[in-house]
Ligand code: GLC
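In UniProt numbering, the protein residues as written are 1 to 465.
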């Protein structure tokens with residue numbers, strides 16, 4: 001069985017978020033169980049290619065926007081594996097992930113072009129792939145174009161939803177650029193009827209099979225609350241929708257202790273962390289709560305966190321935050337951290353730094369993940385590997401990985417009061433024997449990719465039968 005995994009990013013070469021981690025780790029785990037997977041992504045100028053053996057394989061001619069575009073296909077191996085990684089280079093379209101608007105290029109235009117290029121690539125290596133596995137809206141047009149151009153001769157398609165709320169909404173003119181002719185496709189015409197093109201909708205409606213990154217999220221997106229207005233479309237395809245929990249790549253998270261040496265190990269990490277963030281030694285024995293992640297006001301629960309922080313910090317506790325994103329929320333949080341009543345206990349770090357993140361996972365006592373919705377979430381699993389207890393909202397992958405009172409804390413209602421109650425429970429167990437038991441239970445969990453890869457293999461087989 002040969003699979004092509006198409007996505008916008010792949011760690012560690014191109015890493016923007018959790019999607020990149022998944023695309024970097026899943027093929028390696030599949031390779032170990034004899035599934036042959038290639039990966040294809042845009043070759044952004046920021047790609048980390050030092051140390052990779054990279055060579056140009058061939059030129060692809062990609063018709064797009066009424067012109068013939070040359071895309072250089074570079075080939076390398078995904079680090080520490082035998083997985084072939086194809087990087088598509090074109091300086092007009094793949095200009096850089098934080099610079100989408102250079103030359104008035106929109107993100108949807110960039111990825112419509114990428115999708116056209118992926119389809120040309122598949123056509124050029126015709127019949128070698130059994131399955132094209134697309135991920136999120138960035139690859140939403142691939143499935144429709146394959147159907148259109150290769151009919152029944154095409155590889156089968158799987159579309160994975162990592163985050164339904166980001167949909168890639170663009171101008172209908174993009175379709176013409178890709179060569180798709182509106183008026184000939186009922187599904188596309190239906191999408192365009194409201195005046196724009198929705199790339200997520202294209203992927204969801206025209207793929208052979210759909211999955212999401214946790215079993216609970218697969219159920220949640222069938223409801224109005226979590227369906228981002230796709231609940232009816234998804235319900236109509238329910239028989240072809242499932243959820244597979246992501247794994248985590250433990251090798252990306254070095255740990256200087258294990259389950260037998262966790263007490264000492266965490267003590268050292270905590271000391272190093274407090275020193276690094278210059279927290280006054282008078283708080284050296286206080287419980288540390290942390291937030292690590294994208295500052296996304298809607299998804300990541302910053303509103304309820306913001307409301308509950310002053311109350312939490314009336315106790316002898318320290319709060320550390322690491323992340324970047326939404327400017328308005330970055331400022332609100334930075335301002336709060338300067339409030340005289342809590343400034344010595346709240347360290348607000350607006351940036352992303354993988355080493356500091358790992359130190360925070362290791363040295364904190366509790367990791368707060370108050371997301372309004374969470375398709376999978378990786379950090380709660382990483383926290384558990386470090387023996388740090390997650391405090392999570394009862395949704396999506398958070399619900400599937402954390403058990404209240406056993407290996408973490410789970411609150412049901414999305415509100416600052418509910419979050420605060422959980423954080424106070426955490427304060428209550430801090431330093432007790434129960435906490436030690438919970439730490440051991442959290443570290444016993446195995447969220448490695450092996451199990452998830454087996455599930456993907458079964459799903460691929462099912463799609464092919
Ligand atoms: C998205 C989701 C996150 C998931 C990740 C990888 O970033 O928001 O929940 O863990 O994709 O699938």
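For glycine and all other residues, C-beta sits at the position ideal for the given N, C-alpha and C.
In this text, all values refer to a predicted model and were calculated from it rather than measured experimentally.
So, for residue i: in the same chain, excluding its five sequence neighbours on each side, which residues have a beta-carbon less than 8 Å away from its beta-carbon?
i	result
residue 172	182, 192, 195, 196, 197
residue 406	438, 441
residue 123	149, 150
residue 59	70, 71, 72, 73
residue 276	356, 359
residue 223	231
residue 238	222
residue 5	23, 26, 27, 37, 38, 39, 40, 133, 135
residue 479	The requested residue 479 does not occur in the structure, where the chain is confined to residues 1 to 465.
residue 307	416
residue 272	359, 363
residue 167	137, 198, 199, 200, 201, 228
residue 421	411
residue 83	27, 28, 31, 37, 38, 39, 77
residue 160	133, 134, 135, 136, 210, 211, 212, 213
Measure the CB-CB distance between residue i and residue j and report whether it falls below 9 Å.
i	j	result
residue 391	residue 366	yes
residue 302	residue 339	no
residue 257	residue 397	no
residue 38	residue 85	yes
residue 44	residue 113	no
residue 174	residue 108	yes
residue 202	residue 143	yes
residue 359	residue 349	no
residue 164	residue 81	no
residue 115	residue 178	yes
residue 399	residue 30	no
residue 287	residue 408	no
residue 262	residue 387	yes
residue 443	residue 259	yes
residue 476	residue 234	In the structure displayed, the chain extends from 1 to 465; residue 476 sits before or after that span and is not available.
residue 199	residue 64	no
residue 361	residue 220	no
residue 334	residue 364	no
residue 279	residue 310	no
residue 52	residue 77	yes
residue 8	residue 139	yes
residue 21	residue 269	no
residue 424	residue 312	yes
residue 450	residue 176	no
residue 106	residue 17	no
residue 3	residue 460	yes
residue 418	residue 35	no
residue 378	residue 435	no
residue 215	residue 242	yes
Relative to ligand 1, is the shortest distance from any of its heavy atoms to the C-beta of residue i smaller than 8 Å?
i	result
residue 344	no
Leaving out five residues on either side along the sequence, give the residues of the same chain with a beta carbon under 6 Å from the beta carbon of residue i.
i	result
residue 213	162, 246, 375, 376
residue 410	392, 394, 402, 404
residue 209	158, 240, 463
residue 305	370
residue 155	129, 130, 131, 132
residue 145	119
residue 290	320, 360, 364, 367
residue 283	318
With 9 Å set as the bound, which would you pick, yes or no: does the beta-carbon of residue i sit closer than that to a beta-carbon of chain D?
i	result
residue 301	Note that chain D does not occur in the displayed structure, where there is just one protein chain.
Using a Cβ-Cβ cut-off of 7 Å (strictly less than) and excluding sequence neighbours within five positions of residue i, which residues of its own chain qualify?
i	result
residue 48	12, 13
residue 117	60, 62, 71, 88
residue 448	247, 250
What residues does ligand 1 have around it, judged by CB closer than 7 Å to any heavy atom, in chain order?
-> 17, 18, 19, 21, 22, 162, 163, 213, 246, 299, 374, 375, 376, 377, 378, 396, 397
On the three-pair Cβ rule with 8 Å, is the stretch 292 to 301 touching the stretch 315 to 329?
-> Two segments are said to touch when three or more pairs of C-beta atoms, one from each, lie closer than 8 Å; by this definition the stretch 292 to 301 touches the stretch 315 to 329.
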